[in-house]
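Written out below as structure tokens is the structure these notes cover.
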């Protein structure tokens, strides 16, 4: 039964995401996001796999224009991976991304010494993994792979 529920949620989330993309295609909204290069105390990278989008990616999501990028990234880590503690969290860079037909400013935050306890079930996140920076799992989200590569000198 749980497998059937998971499949139903994946189908519904994918359909909702496609409807949003159609809306964004027409409107071309200005959006803001916050994403985390989250590193464990052992310097392993934490990645998530979403139910509605292919590939492994850095945790993150939308934020209001007035929400601080670091606070938004920490909120996303609590929501997506169940973060319980962290060390230094620092804004690394803003990227201008034409993601899903949006004019998006994506703020990338490096968060060190992340401790977490993944939730047993999350409607958005299908899986959480830790990996070496030198052995990223496949398939990777193209944007996340590009962001990780751009931040590599700071990690």
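In our numbering, the protein residues as written are 44 to 198.
Glycine included, every Cβ here is placed at the ideal spot set by N, Cα and C.
Residue 166 carries a coil assignment under DSSP once its states are collapsed to helix, strand and coil. In the structure shown, the three-state DSSP call for residue 101 is coil. A direct Cα-Cα distance of roughly 27 Å separates residue 181 from residue 127. Put simply, the stretch 133-142 does not touch the stretch 83-90. Fewer than three CB pairs are less than 8 Å apart. The alpha carbon of residue 157 has as its nearest neighbour, out of 187, 110, 123, the alpha carbon of 123. Secondary structure at residue 93: strand, using DSSP grouped into helix, strand and coil. Of 81, 94, 89, the smallest CA-CA separation from residue 169 is found for 94. The C-alpha of residue 132 is placed about 4 Å away from the C-alpha of residue 154. Classified as exposed, residue 164 has fewer than 16 neighbouring CB atoms from the shown chains inside 10 Å of its CB.
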